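Only one structure is covered here, and it is reproduced in the block below.
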Amino acid sequence: MLDLSGLVENPEVQLYAKAEQTNPGGSIKDRPGLAMVQDALARGLLDSGKRILDATSGNTGIAYAMIGAAMRIPVTLCLPANASPERKRILEVYGVELILTDPLEGSDGAIREARRVVAESDQYAYLDQYGNPENWRAHYRGTGPEIWEQCEGKLTHFITGLGTSGTFVGVGRYLREQDPSVQLISIEPDSPFHGLEGMKHMETAIVPPIYDADLASEARSCSTELAHSTVRRLAREAGLMVGVSAGCNVASAIKLAAELDQGVIVTVLCDGADKYLTERFWEEG
């Protein structure tokens, strides 16, 4: 847990960020990725040499790829064609079979293609991160308890973005059980057409079956431009190289902090900047 309170003007408000970019595969998705693979193995879904299949915007795919390589399980991923070159190269290095989908359809297009592929062949085990309860359970069992312990139960607000929604749902359910007064705030892109890779504009997207719309105390939005500027700010003012969804989370947490008289806010650094270094937004500002 990193202390980012220096980015907040009010000294009575503390801001912490869970540094998930330090996981072996470089993102928070290592947690549900491992949980879903272990569950599939336990249920025999990967017997007879079946391949892992899923739709991904990148990070869960990298987790599958790393775990699959270590366990000698082949992996096939449906990925939007406009995923960053770095993500594609990492997946190729791990030996993943890539099925590139229409970039204009985003993660929803990848989901539709994964469903089509698995319907036409029995050689795949479709792990379906958007509908797999092991996604949110991984955070309920791990990320949530870690945050609670590291904050010594003093947090007042948890705020993070929605993609599969696994992090928000799993952590949120755990924290709500520990202290019903904790405010759970979700973040979405502010429009259907956005550059917040991995995040979903729920009103216009395929809503993940694991998403619990009743869990949030409040739902907020963030612009792509603000996320980009915050990524640059974190690099230059905090020495942190993080990805765009992390920038969105921190930007939204800073906005929240400005509205509070006091409190302890926790957010998530979902991944590192290594998968985004060819993006043009680094040259702006």
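First residue of the sequence shown: 52, per the numbering used here; consecutive thereafter. All C-beta atoms in this analysis are idealised placements derived from N, C-alpha and C, irrespective of residue type, glycine included. Values in this document were obtained by computation on a predicted structure and should not be read as measured data.
Collapsing the DSSP output to three states places residue 313 in coil.
Around the Cβ of residue 91, a 10 Å sphere holds 16 or more other Cβ atoms; the residue is buried. Residue pairing of residue 70 in beta bridges, as defined by DSSP: 320. Each residue's CA atom was taken as its position, placing residue 298 and residue 205 some 24 Å apart. Judged by DSSP secondary structure, residue 171 falls within the alpha helix (DSSP H) whose first and last residues are 157 to 171. Between the beta-carbon of residue 70 and that of residue 328 there is about 19 Å, and that puts the pair past the 8 Å contact cut. For residue 249, no alpha helix (DSSP H) encloses it, and the DSSP letter there is neither H nor E. 182 is the residue among 122, 182 and 134 whose C-alpha sits nearest the C-alpha of residue 260.
Look at residue 131 here: in three-state DSSP terms it is strand.
Contact between the segment 257 to 276 and the segment 309 to 318 is not established, with fewer than three Cβ pairs separated by less than 8 Å.
Proximity to residue 179 across 173, 165, 188 and 192 peaks at 165, based on C-alpha coordinates. Across the structure, residue 146 and residue 184 are spaced so that their CA atoms are roughly 27 Å apart.
Beta-bridge pairing by DSSP links residue 211 to 237.
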